[in-house]
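Asker:
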Amino acid sequence: MSLNIKPLADRVLIEPAEAETKTASGIIIPDNAKEKPQRGKVVAAGKGTKDDPITVKVGDTVLYGKYAGTELKLDGKDYLIMRESDILAII
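Quick note: the sequence shown, position 75, residue 75 per full-length UniProt numbering, numbers continuous.
Okay, here's the thing in structure tokens:
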């Protein structure tokens, strides 16, 4: 199912990765102690500005700041929309 949303200019729509439910040592993390994920997959991207074309492309896995972007819910799924400059790295 495709999304009917197209970010403008240098905005990027990201689907956050699921929060980890277990630590590396096997301890189960309760729901109230989970941290917001800082990794996600680019679902849609704008064309960039005339001076600065967009670097990321759809399908890229990216790292972003913990409080970056604006949360929105579409078709029952959570997404983040943010400027490309809020993205820290492409994995």
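Each residue gets a CB set at the ideal place from its N, CA and C atoms; glycine is no exception.
Note that the structure is a prediction, hence the values are computed from the model and not measured.
Measure the C-alpha to C-alpha separation of ILE29 and LEU63 and round it to an integer number of angstroms.
Answerer: Their backbone Cα atoms lie some 22 Å apart in a straight line.
Asker: I want to know whether the region 38-50 touches the region 19-27 - three or more CB-CB distances under 8 Å.
Answerer: Output reads no: the region 19-27 does not touch the region 38-50.
Asker: In terms of residue numbering, what span does the beta strand (DSSP E) encompassing LYS6 cover?
Answerer: That residue, LYS6, is in no beta strand (DSSP E); it is neither H nor E in DSSP.
Asker: Alpha carbon to alpha carbon, how far is PRO37 from ALA17? Give it in angstroms, no decimals.
Answerer: 6 Å
Asker: Flag this pair as yes or no: are the beta carbons of GLY46 and ALA89 separated by less than 7 Å?
Answerer: no
Asker: State buried or exposed for VAL12, treating a residue as buried only when at least 16 other CB atoms are found within 10 Å of its CB.
Answerer: buried
Asker: So the candidates are ILE81, LYS50, LYS77 and THR55; which of them puts its Cα closest to the Cα of TYR67?
Answerer: ILE81
Asker: Got a sec? Which residues, its chain only, sit under 8 Å from GLY65 by beta carbon, not counting five neighbours each side?
Answerer: GLN38, ASP86 and LEU88
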